[in-house]
Amino acid sequence: LNGASVPSCPPGNNSDRMIVQNSRKIVYMAPSKALCEERYDDWSRRLAEMNLGITCVTVTGDSQLDAFRMVATSHVILTTPEKLDSITRKWTDHLFLLG
Numbered sequence: 153l154n155g156a157s158v159p160s161c162p163p164g165n166n167s168d169r170m171i172v173q174n175s176r177k178i179v180y181m182a183p184s185k186a187l188c189e190e191r192y193d194d195w196s197r198r199l200a201e202m203n204l205g206i207t208c209v210t211v212t213g214d215s216q217l218d219a220f221r222m223v224a225t226s227h228v229i230l231t232t233p234e235k236l237d238s239i240t241r242k243w244t245d246h247l248f249l250l251g
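Just so we're aligned: the sequence shown equals residues 153 to 251 in our numbering.
Structure (structure tokens):
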């Protein structure tokens, strides 16, 4: 991660505030698809209200190819441990995700 830190906090404790700089990405890993979708709905709405230009995308086991394309341009990636493992094991196949 080149010296970057990865924030870690339990969902719903109001410490979810993060500052996005340059082209860095934030990966939020949730134990279930349902929690990913819940966080996506909440954070997408909140970030849109703040007009910061920060976008989110959910990538889970049943994501379509469009979701993978959106990863390259999104700032916050919400995923499950299984999907992150799958993506990172085959990172050369998913190099475009680094956008």
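Ideal Cβ placement from N, Cα and C applies to all residues, glycine included. A quick note: this is a predicted structure, and the numbers were derived from the prediction, not measured.
_Whole-angstrom distance between Ile-229 and Val-223, CA atom to CA atom_ = 7 Å
*Identify the continuous beta strand (DSSP E) that holds Thr-210 and give its terminal residues.*
In the DSSP assignment, Thr-210 falls within the beta strand (DSSP E) that extends over 208-211.
_Quick check on the burial criterion: 16 or more other C-beta atoms within 10 angstroms. Buried or exposed for Ala-182?_
buried
*asked:* By alpha-carbon positions, which one of Arg-241, Lys-242, Ser-196, Arg-176 ends up nearest to Thr-210?
replied: Ser-196
*Could you give the residue range of the alpha helix (DSSP H) that holds Leu-236?*
233-241
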